[in-house]
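Have a look at the structure below before the remarks.
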Amino acid sequence: MMEEKQVANGTPQRVAYEKITRKDLNKVFWRLQIWGLNLTSTLVSTQANGFLNAMTPVLKRLYGDADQATRSRAMQRHLLYFLSQITATGMILGITAAVEETTTEDEKEAVVAIKAGMMGPLAGIGDSVFKITIQAIAGSIGAAYAMEGSILGPILMFLIYNGLNIGVKYYGIIAGYEKGMEFIQSGEQAKVMQKIINISTMVGVIVLGALIAQYVKINVGTEIKMEDTVISIQELLDGILPKFLPLLFTLGLYKLHSYMPRKYLTYLIFGILVIGTVLAVMGILV
Numbered sequence: 001m002m003e004e005k006q007v008a009n010g011t012p013q014r015v016a017y018e019k020i021t022r023k024d025l026n027k028v029f030w031r032l033q034i035w036g037l038n039l040t041s042t043l044v045s046t047q048a049n050g051f052l053n054a055m056t057p058v059l060k061r062l063y064g065d066a067d068q069a070t071r072s073r074a075m076q077r078h079l080l081y082f083l084s085q086i087t088a089t090g091m092i093l094g095i096t097a098a099v100e101e102t103t104t105e106d107e108k109e110a111v112v113a114i115k116a117g118m119m120g121p122l123a124g125i126g127d128s129v130f131k132i133t134i135q136a137i138a139g140s141i142g143a144a145y146a147m148e149g150s151i152l153g154p155i156l157m158f159l160i161y162n163g164l165n166i167g168v169k170y171y172g173i174i175a176g177y178e179k180g181m182e183f184i185q186s187g188e189q190a191k192v193m194q195k196i197i198n199i200s201t202m203v204g205v206i207v208l209g210a211l212i213a214q215y216v217k218i219n220v221g222t223e224i225k226m227e228d229t230v231i232s233i234q235e236l237l238d239g240i241l242p243k244f245l246p247l248l249f250t251l252g253l254y255k256l257h258s259y260m261p262r263k264y265l266t267y268l269i270f271g272i273l274v275i276g277t278v279l280a281v282m283g284i285l286v
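Mapping to the working numbering: the sequence shown position 233 is 233, numbers consecutive.
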């Protein structure tokens with residue numbers, strides 16, 4: 001919220017004063033953490049209901065119960081279309097809270113514009129950092145322990161991923177509220193976001209490549225016998241390109257999954273298990 005005062009030359013000057021407290025921001029975090037955004041997803045507004053649910057403590061603090069019409073308009077603003085990555089949405093919630101507080105009723109279009117402008121870039125950062133990089137790293141660390149029979153595997157994966165995920169949500173809300181407006185007004189957000197996306201994507205690709213080579217194991221057991229000579233197909237493939245079959249298999253699954261609806265993912269997994277078992281029994285794979 002803002003008030004106006006007259007300066008020496010008679011020009012009105014806005015003076016910002018804080019109403020939103022850390023307690024309000026904590027409530028926003030817990031609503032985002034517990035309920036998320038997709039729990040109430042709709043085909044029309046996607047994650048808007050979840051976003052409004054998380055923003056409710058802020059709207060209650062700013063508008064209270066005295067002016068139901070103003071609060072109703074604020075709720076309607078946040079029921080407009082919204083779609084982003086959940087972890088990165090913490091930053092958007094913090095910035096949105098700051099804009100709600102520091103704009104007059106005639107300037108509330110800025111709230112909608114900033115949300116629309118940030119949900120795409122931050123979704124890209126969230127997907128690159130969490131869905132590709134951190135998830136893969138946490139999974140590989142957990143898998144390394146699990147393959148040795150240690151219970152630390154799933155525990156470490158859970159702690160690493162969720163520790164970072166929860167921490168980024170919370171401090172994203174706080175930093176978005178405290179520093180978000182300065183970041184937006186600097187004009188550097190697009191460059192910074194693009195750099196983060198590029199770096200995260202490169203790290204994610206490197207990690208995934210290492211995981212494919214380490215954990216995807218496909219060995220051809222078929223051999224070709226010519227008189228006294230035995231030729232191993234697997235040795236021939238390794239001579240051309242080591243780990244060629246795991247790479248080809250992974251890329252094939254990625255391409256297939258991109259065309260396949262998500263509801264058939266379980267059938268795909270069971271199909272791989274069945275085909276792999278049959279080929280192993282036949283001696284084609286070892």
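The beta-carbon is built from N, C-alpha and C at its ideal position, and this holds for glycine as well. Remember, it's a predicted structure, so these values are computed and weren't measured experimentally.
Burial check for Lys263: the Cβ neighbour count within 10 Å stays below 16, so the residue is exposed. Membership of Lys60 in the alpha helix (DSSP H) is indicated by the continuous run 48-63. The DSSP-derived three-state label of Leu285 is strand.
By the C-beta criterion, the region 147-155 is judged not to be in contact with the region 107-125, since fewer than 3 inter-stretch pairs fall below 8 Å.
Residue burial annotation: Arg73 is exposed, with fewer than 16 other C-beta atoms found within 10 angstroms of its C-beta.
Val220: not part of any alpha helix (DSSP H); DSSP gives it neither H nor E. Annotation for Ser140: no beta strand (DSSP E) segment contains it, though the alpha helix (DSSP H) segment containing it runs 135-146. The bridge partners DSSP lists for Phe158 come to none. By the CB criterion at 9 Å, Val216 and Lys243 fall inside the cutoff.
Looking at the DSSP output, Val230 bridges to Lys225. Looking at the DSSP output, Phe244 sits in no beta bridge, so it has no partner there.
Judged by DSSP in its simplified three-state form, Thr87 adopts coil rather than helix or strand. Just so you know, the alpha carbons of Ala213 and Leu247 end up roughly 8 Å apart.
With a threshold of 16 other beta carbon atoms within 10 Å, Pro57 meets it and is buried. Going by beta carbons, Asp24 and Arg71 fall outside the 9 Å limit. At least 9 Å separates the beta-carbon of Ala110 from that of Leu79. Per the C-alpha coordinates, the member of Ala88, Thr133, Gly139, Tyr81 positioned closest to Val112 is Tyr81. DSSP places Thr104 in the coil class of the three-state scheme, outside both helix and strand.
The beta carbon of Val286 sits closer than 6 Å to those of Asn219, Gly221, all from its chain and outside the five residues before and after it, given in chain order.
A contact is defined here as three or more CB-CB pairs under 8 Å, and the region 124-139 fails this definition with respect to the region 94-106.
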